[in-house]
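Be aware that the sequence shown starts at 14, since it is given in our numbering, and climbs by one per residue.
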Amino acid sequence: MAKLIINENKKLGKINAEIYGHFAEHLGRCIYEGLYVGEDSEIPNVNGMRKDVVDALKELKIPVLRWPGGCFADEYHWRDGIGPKESRKKMINTHWGGVLEDNSFGTHEFMELCEQLGCKAYVNGNVGSGTVREMSEWIEYMTFDGVSPMADLRRENGREKPWKVDYFGVGNENWGCGGNMTPEYYGNLYRRYQTYVRNYDSKNPISKICCGSNSDDYHWTEQVLSTAHDHLPEHLHGLMDGLSLHYYVTPGGWEHKGSSTQFEEDEWFLTLDKAWKMEELVTKHGAIMDNYDPDKKIGMMVDEWGCWFDVEPGTNPGFLYQQNTMRDAMTACITLNIFNKHCDRVKMANIAQMVNVLQSVILTEGAKMLLTPTYYIFRMYKYHQNAQLLESFLETEEIGTEEHKIPNLTESVSIDTEGSIHITLGNASVTEAKEIEILFAERKAAEINAGILTGRMNSHNTFEEPENIKEKPFENWTVTENGSIRLTIPACAVIHMEVKA
Ligand code: AHR
Numbered sequence: 014m015a016k017l018i019i020n021e022n023k024k025l026g027k028i029n030a031e032i033y034g035h036f037a038e039h040l041g042r043c044i045y046e047g048l049y050v051g052e053d054s055e056i057p058n059v060n061g062m063r064k065d066v067v068d069a070l071k072e073l074k075i076p077v078l079r080w081p082g083g084c085f086a087d088e089y090h091w092r093d094g095i096g097p098k099e100s101r102k103k104m105i106n107t108h109w110g111g112v113l114e115d116n117s118f119g120t121h122e123f124m125e126l127c128e129q130l131g132c133k134a135y136v137n138g139n140v141g142s143g144t145v146r147e148m149s150e151w152i153e154y155m156t157f158d159g160v161s162p163m164a165d166l167r168r169e170n171g172r173e174k175p176w177k178v179d180y181f182g183v184g185n186e187n188w189g190c191g192g193n194m195t196p197e198y199y200g201n202l203y204r205r206y207q208t209y210v211r212n213y214d215s216k217n218p219i220s221k222i223c224c225g226s227n228s229d230d231y232h233w234t235e236q237v238l239s240t241a242h243d244h245l246p247e248h249l250h251g252l253m254d255g256l257s258l259h260y261y262v263t264p265g266g267w268e269h270k271g272s273s274t275q276f277e278e279d280e281w282f283l284t285l286d287k288a289w290k291m292e293e294l295v296t297k298h299g300a301i302m303d304n305y306d307p308d309k310k311i312g313m314m315v316d317e318w319g320c321w322f323d324v325e326p327g328t329n330p331g332f333l334y335q336q337n338t339m340r341d342a343m344t345a346c347i348t349l350n351i352f353n354k355h356c357d358r359v360k361m362a363n364i365a366q367m368v369n370v371l372q373s374v375i376l377t378e379g380a381k382m383l384l385t386p387t388y389y390i391f392r393m394y395k396y397h398q399n400a401q402l403l404e405s406f407l408e409t410e411e412i413g414t415e416e417h418k419i420p421n422l423t424e425s426v427s428i429d430t431e432g433s434i435h436i437t438l439g440n441a442s443v444t445e446a447k448e449i450e451i452l453f454a455e456r457k458a459a460e461i462n463a464g465i466l467t468g469r470m471n472s473h474n475t476f477e478e479p480e481n482i483k484e485k486p487f488e489n490w491t492v493t494e495n496g497s498i499r500l501t502i503p504a505c506a507v508i509h510m511e512v513k514a
């Protein structure tokens, strides 16, 4: 029997709610159809936002939403997306499928969506093809309360009060689709552009996010930090609140990523091995950040992460529409446990993407909607938001193939303000259930609530069978005389357990 030891006396830091953030880009059917259908749609909506999707998302307690991209951000000109819809400029979304973008979803609609979801707004600015003036005027438009050309324009467009912009990204993937820049060049541009991201509301300063690395490009991290952060006078150190990191799990590499649903056990382990790489990335980028920022004032913002497979057969290759199985759920389980355990440095993360694109929590087909296995992971993990990470040790064994070995079990543990302990635990074996004893340093377990997500490794929900995989109550546990918990976690399963104070 494996042991999980929990030391509720050792709190290791706050798990920022924003680790459970999401990302919605103007890409495929994420914004249009997935989230926004317009007020005149037959699909029930509130001010154009689909009601079924927003209601389901609310269950996840979405903390923050990143928009408008992605690669789209560095081609987006915000003025095209304001004012009367009939006169908004139309453009071709060259990056994603070459389809017509009518800009009917713009700044006002994004802020409306955030209001409906009750989440923070993370707006990503355009450095690649935009000007400093364009960026600075967008900030003025969104956040200035006084009399000014941009604030007046906002009022003309029907919004009297400014919005709160919680996070602002100064460019996206500027090493690639955001301008193919060198880190030194981008680092200097970052210094310049961020200067004009003004804090008009000093009580609600905007957190500025600098474009970080792609996967294990440690050189980028080093050079950007040395250019944009080091050698600055102390009073300028606040010019960077976050440094992003993007990492996608692509089992077959970028050319042939692999099917989202048709895979064998070796590909399951290959994928999960790649998911575990996040541990190394956070540790190594974190070590570089420690050299420049030992007090950990700059958050690591993993603002794009998730599985990236081949698109579903017959769908537009530029739309990145893929199915979502228990493999995605296990990837999310591993990744979110890693983020929790690194909450001293990881301050935000945004799964890519919210609806109908890559590792989505929701898929739609016209008026129909389904919740993916990844949705349930976010619902089970939401209790970690703003809780305190607890010290925990879990006995694991190596499983997998010759080339791809991973720990059979993964966990993270937190304590909320009511004193309830939340354990999220995954078993990555596809064949072996595992008995586990959970021991507490102090607590004797009594009142317990638990849920489980389990199935075969490629089980998923379809529009014909939308409830094939869903979270169910988990009751396969007992409390021993000394207050420890014994449970059997089935193969290919994720559990959330709440142990009340
Ligand atoms: O999420 C899809 C794309 O992946 C984003 O637009 C880009 O930033 C990344 O390469």
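Note that CB positions come from ideal geometry on N, CA and C, so glycine has one too.
I'd like to confirm the pairing. Which residues does DSSP put opposite residue i in its beta bridges?
{"i": "Thr338", "result": "His473"}
{"i": "Ser442", "result": "None; Ser442 has no bridge partner."}
{"i": "Gln401", "result": "Lys27 and Ile428"}
{"i": "Arg79", "result": "Phe36 and Tyr135"}
{"i": "Cys320", "result": "Val262"}
{"i": "Pro486", "result": "Gly464"}
{"i": "Tyr180", "result": "Tyr135 and Ser220"}
{"i": "Arg63", "result": "Asn58"}
{"i": "Phe406", "result": "Ile18"}
{"i": "Gly312", "result": "Gly255"}
{"i": "Met510", "result": "Ile436 and Ala463"}
{"i": "Thr501", "result": "Glu448"}
Shorter than 7 angstroms, the distance from the beta carbon of residue i to the closest heavy atom of ligand 1, or not?
{"i": "His35", "result": "no"}
{"i": "Lys185", "result": "Looking at the sequence shown, residue 185 is not Lys but Asn. Yes - ligand 1 has a heavy atom lying nearer than 7 angstroms to the Cβ of Asn185."}
{"i": "Phe85", "result": "yes"}
{"i": "Leu40", "result": "yes"}
{"i": "Leu403", "result": "no"}
{"i": "Cys43", "result": "no"}
{"i": "Glu325", "result": "no"}
{"i": "Gly225", "result": "no"}
{"i": "Gln372", "result": "no"}
{"i": "His90", "result": "no"}
{"i": "Cys190", "result": "yes"}
{"i": "Glu317", "result": "yes"}
{"i": "Gly266", "result": "no"}
{"i": "Ala362", "result": "no"}
{"i": "Gln335", "result": "no"}
{"i": "Ala365", "result": "yes"}
{"i": "Gly119", "result": "no"}
{"i": "Gly4", "result": "Outside the displayed span of the chain (14 to 514) sits residue 4, for which this structure offers no information."}
{"i": "His259", "result": "yes"}
{"i": "Gly82", "result": "yes"}
Can you name, in chain order, every residue of its own chain whose Cβ lies under 8 angstroms from the Cβ of residue i, other than the five neighbours on each side?
{"i": "Gly27", "result": "Strictly speaking, residue 27 in this sequence is Lys, with Gly absent from that position. Result list for Lys27: Cys356, Asn399, Ala400, Gln401 and Leu402, in chain order."}
{"i": "Asn350", "result": "Thr423, Glu424, Ser425, Thr437 and Gly439"}
{"i": "Glu378", "result": "Phe476"}
{"i": "Ile428", "result": "Glu21, Lys24, Ala400, Gln401, Leu403, Ile434 and His435"}
{"i": "Lys174", "result": "Asp158"}
{"i": "Met14", "result": "Glu448, Ile449, Glu450 and Arg499"}
{"i": "Gly171", "result": "His121"}
For residue i, which residues of its own chain have a beta-carbon under 7 angstroms away from its beta-carbon, when the five flanking residues on both sides are left out?
{"i": "Thr467", "result": "Pro503, Cys505 and Ala506"}
{"i": "Pro76", "result": "Ala30, Glu31, Tyr33, Gly34, Cys132, Lys133 and Gln398"}
{"i": "Thr328", "result": "Tyr334"}
{"i": "Thr444", "result": "Ala504"}
{"i": "Ile95", "result": "Gly119, Thr120, His121 and Asn170"}
{"i": "Val50", "result": "Ile56, Asn58, Gly61 and Arg63"}
{"i": "Asp115", "result": "Arg101 and Lys103"}
Among the residues of its own chain, which have a CB less than 6 angstroms from the CB of residue i, if the five just before and after it don't count?
{"i": "Ala380", "result": "Ile56"}
{"i": "His242", "result": "Met253 and Tyr305"}
{"i": "Gly200", "result": "Val237, Thr240 and Ala241"}
{"i": "Ile482", "result": "Pro386, Gly468, Ser472 and Asn474"}
{"i": "Pro264", "result": "Gly271, Glu280, Leu283 and Thr284"}
{"i": "Gly47", "result": "Val368, Asn369 and Thr377"}
{"i": "Glu511", "result": "Ser433, His435 and Asn462"}
{"i": "Phe487", "result": "Ala463, Gly464, Ile465 and Ile508"}
{"i": "Glu408", "result": "Ala15 and Lys16"}
{"i": "Glu52", "result": "Gly61"}
Is the segment 154–162 touching the segment 106–113 in the sense that three or more CB pairs, one from each, lie closer than 8 angstroms? Contact fails: fewer than three Cβ-Cβ distances are below 8 angstroms.
Is the segment 279–299 close to the segment 414–422, with three or more CB pairs under 8 angstroms? Between the segment 279–299 and the segment 414–422, the count of Cβ pairs shorter than 8 angstroms is three or higher; the stretches touch.
If we count Cβ pairs, one from each stretch, closer than 8 angstroms, do we get three or more for the segment 355–374 versus the segment 303–317? With the cut-off at 8 angstroms, the segment 355–374 and the segment 303–317 touch.
How do the segment 185–202 and the segment 229–238 stand: do at least 3 beta-carbon pairs fall below 8 angstroms, yes or no? At 8 angstroms Cβ cutoff, the stretches touch.
Below 8 angstroms, can you find three or more Cβ-Cβ pairs linking the segment 60–67 to the segment 122–131? Touching, yes, given that three or more Cβ pairs across the two stretches are closer than 8 angstroms.
Would the segment 138–146 count as touching the segment 77–89 if we require 3 or more Cβ pairs under 8 angstroms? Taking one beta carbon from each stretch, the segment 138–146 and the segment 77–89 have 3 or more pairs nearer than 8 angstroms; the two touch.
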